[in-house]
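Before any comments, here is the structure.
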Ligand SMILES: [Zn+2]
Ligand SMILES: [Zn+2]
Ligand SMILES: [Zn+2]
């Protein structure tokens with residue numbers, strides 16, 4: 061298993077437009093955060109989680125030439141607005157399967173109405189094959205990559221977290237139902253939401269992220285969806301040994 065952090069920033073990205081704070085002006089590339097997304101690679105499969113608003117830049121940076129599937133967590137702009145840029149991969153390799161729950165599909169079909177209800181012929185529309193997933197219902201890519209969609213709560217919105225064998229990716233949440241907690245045990249890697257130091261109405265703040273890591277006891281945990289309060293070098297020192305701030309370009313392998 062290989063997980064590449066394509067983006068680790070909150071919805072605004074970091075730097076934040078117009079901000080001159082220590083993090084937004086930092087020369088450390090680990091303080092520059094594109095909108096959140098990860099690439100999962102296992103055997104010959106390449107799975108993208110969310111087509112972030114920065115997907116084009118992320119695909120160029122990481123030389124993504126082919127994807128076997130795209131999994132969607134939820135339909136906030138930072139997570140889906142790069143979807144049209146899948147066209148570049150379609151032109152070379154054909155249609156791509158998009159996996160999302162019913163709730164997300166309702167929004168995807170509305171936001172990308174021109175794709176799913178084409179009103180014009182031609183013009184290079186994205187070629188997307190819709191697959192509807194249900195939380196709790198496992199499925200596989202190839203023989204060895206088992207994917208478990210899990211429900212987490214983001215304000216009032218149910219959002220999908222994903223477990224890939226012994227890795228899990230859980231962003232945009234401020235509550236984890238007990239059934240999902242049980243499905244997040246015995247992990248090698250847990251990537252978890254942590255938008256800022258203080259609590260937030262739709263995301264975990266640092267104390268809540270650490271508290272859940274402590275309960276779930278993954279071998280390693282990585283914080284993502286970070287805003288411009290986290291200065292990588294300084295704040296890495298305050299975290300427990302098995303917890304790190306994620307940064308764009310960080311690659312994890314099992
Ligand atoms: Zn988000
Ligand atoms: Zn700032
Ligand atoms: Zn969100």
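Residue numbers (my numbering): 61 to 314. Beta carbons are placed, not taken as given, at the ideal position from N, Cα and C, and that holds for glycine.
Could you give the distance in angstroms between the alpha-carbon of residue i and the alpha-carbon of residue j?
i, j, result
"residue 146", "residue 119", "9 Å"
"residue 143", "residue 115", "8 Å"
"residue 185", "residue 192", "21 Å"
"residue 42", "residue 90", "With the chain covering 61 to 314 only, the question about residue 42 has no answer from this structure."
"residue 94", "residue 138", "9 Å"
"residue 290", "residue 177", "42 Å"
"residue 179", "residue 151", "20 Å"
"residue 269", "residue 292", "17 Å"
"residue 271", "residue 223", "20 Å"
"residue 64", "residue 106", "11 Å"
"residue 104", "residue 125", "13 Å"
"residue 313", "residue 110", "20 Å"
"residue 69", "residue 87", "16 Å"
"residue 84", "residue 203", "43 Å"
"residue 241", "residue 199", "19 Å"
"residue 278", "residue 296", "18 Å"
"residue 227", "residue 62", "9 Å"
"residue 238", "residue 294", "33 Å"
"residue 230", "residue 300", "19 Å"
"residue 315", "residue 76", "Residue 315 lies beyond the residue range present for the chain, which begins at 61 and ends at 314; the question has no answer from this structure."
"residue 123", "residue 243", "33 Å"
"residue 117", "residue 71", "16 Å"
"residue 307", "residue 173", "33 Å"
"residue 311", "residue 249", "12 Å"
"residue 207", "residue 197", "9 Å"
"residue 232", "residue 73", "14 Å"
"residue 302", "residue 218", "28 Å"
"residue 183", "residue 149", "15 Å"
"residue 251", "residue 273", "10 Å"
Excluding the 5 residues preceding and the 5 following residue i in the sequence, name in chain order all residues of the same chain whose CB lies nearer than 7 Å to its CB.
i, result
"residue 21", "One cannot answer for residue 21 here, as it falls past the ends of the chain, which runs 61 to 314."
"residue 309", "65"
"residue 79", "288"
"residue 321", "Past the edges of the chain, shown from 61 to 314, lies residue 321, and the structure says nothing about it."
Between which residues of its own chain and residue i is the CB-CB distance below 8 Å, once the five residues before and five after are set aside?
i, result
"residue 81", "288"
"residue 220", "131, 132, 133, 134, 160, 161, 164, 193, 195, 209, 210, 211, 212"
"residue 245", "276, 277"
Can you list, in chain order, the residues of its chain whose CB lies under 6 Å from that of residue i, leaving out five sequence neighbours each side?
i, result
"residue 108", "99, 127, 130"
"residue 262", "214, 215, 234"
"residue 155", "187, 189"
"residue 266", "254, 257"
"residue 141", "113"
"residue 51", "Residue 51 cannot be examined here, being either before or after the span of the chain that is shown, 61 to 314."
"residue 201", "105"
"residue 259", "265"
"residue 280", "249, 302"
Any residue with its Cβ nearer than 7 Å to a heavy atom of ligand 1 should be included. What is that list in chain order? Output, sorted by chain position: 70, 71, 96, 136, 138, 139, 231, 232, 285.
Could you tell me which uninterrupted beta strand (DSSP E) segments, each at least 3 residues in length, are contained entirely in the region 207-258, listed from first to last along the chain? Segments of the beta strand (DSSP E) lying fully in the region 207-258: 217-224, 227-230, 249-253.
Pick out the complete alpha helix (DSSP H) segments inside the region 110-195, 4 residues or longer, and give them in chain order. Listed in chain order, the complete alpha helix (DSSP H) runs (minimum 4 residues) inside the region 110-195 are 115-121, 137-140, 147-153, 162-171, 173-176.
Using a Cβ distance threshold of 8 Å, determine whether the region 276-285 contacts the region 250-268, with at least three qualifying pairs required. Note that the region 276-285 touches the region 250-268; at least 3 beta-carbon pairs, one per stretch, sit closer than 8 Å.
Any heavy atom of ligand 2 within less than 5 Å of residue CB: hits in chain order: Counting every residue whose Cβ lies closer than 5 Å to a heavy atom of ligand 2, we get 76, 79, 81, 84, 288.
Write down every uninterrupted run of the beta strand (DSSP E) in the region 80-108 whose length is 3 residues or greater and which is fully enclosed by it, in chain order. The beta strand (DSSP E) runs of length 3 or more contained entirely in the region 80-108 are, from start to end of the chain, 97-102.
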